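Below is one structure, written out as structure tokens; comments come after it.
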Amino acid sequence: MGFLSKLFGGNKAKKSPSVEPVEYNEFLIYQEAIEEGGQYRVAGRITKDIEGEVKEYRFIRSDVVASKGDANELMLSKAKMFIDQMNGNIFN
Numbered sequence: 001m002g003f004l005s006k007l008f009g010g011n012k013a014k015k016s017p018s019v020e021p022v023e024y025n026e027f028l029i030y031q032e033a034i035e036e037g038g039q040y041r042v043a044g045r046i047t048k049d050i051e052g053e054v055k056e057y058r059f060i061r062s063d064v065v066a067s068k069g070d071a072n073e074l075m076l077s078k079a080k081m082f083i084d085q086m087n088g089n090i091f092n
């Protein structure tokens, strides 16, 4: 039974790690680098509460770097640049 459990994942639900957002110009930026083959892809989410509804923009880039910290820092800078370039209107 152990083999089948490992093969099909058993009843264990994968928990995504809790990420503390960075606030920027009324947006919340979640840095969520994705591990790929020993490197990390720049990824995350940008959210904003608009009239009681939380809007979300998923952010996955082609950039791959050596460390998770570097990927998260690059995501943060790219997310801020995107918010600035769109004048805060990313959900319109």
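Residue numbers (this note's numbering): 1 to 92. All C-beta atoms, glycine included, are put in the ideal place defined by N, C-alpha and C. Quick caveat, the model's predicted, so the values are computed rather than measured.
So, is residue i buried or exposed, given that buried needs 16 or more other C-beta atoms within 10 angstroms?
i: residue 87; result: exposed
i: residue 38; result: exposed
i: residue 25; result: exposed
i: residue 23; result: exposed
i: residue 60; result: exposed
i: residue 72; result: buried
i: residue 51; result: exposed
i: residue 32; result: buried
In angstroms, rounded to a whole number, what distance separates the CA positions of residue i and residue j?
i: residue 11; j: residue 85; result: The pLDDT assigned to residue 11 is 49, lower than 50, so where the model puts this residue is not dependable; a value taken from the coordinates is nonetheless given after this. Computed Cα separation, rounded: 44 Å.
i: residue 41; j: residue 56; result: 19 Å
i: residue 44; j: residue 80; result: 12 Å
i: residue 29; j: residue 65; result: 19 Å
i: residue 19; j: residue 92; result: 26 Å
i: residue 46; j: residue 34; result: 16 Å
i: residue 83; j: residue 63; result: 18 Å
i: residue 90; j: residue 78; result: 13 Å
Should residue i be flagged as near chain E, meaning a C-beta pair shorter than 8 Å?
i: residue 20; result: Among the chains in the structure shown there is no chain E, since it carries only a single protein chain.
May I ask you to report which of helix, strand or coil DSSP gives residue i?
i: residue 23; result: strand
i: residue 32; result: coil
i: residue 67; result: coil
i: residue 46; result: strand
Using DSSP's beta-bridge definition, name the partner residues of residue i.
i: residue 55; result: 48
i: residue 94; result: A question about residue 94 goes unanswered here, because the residues of the chain that appear run from 1 up to 92.
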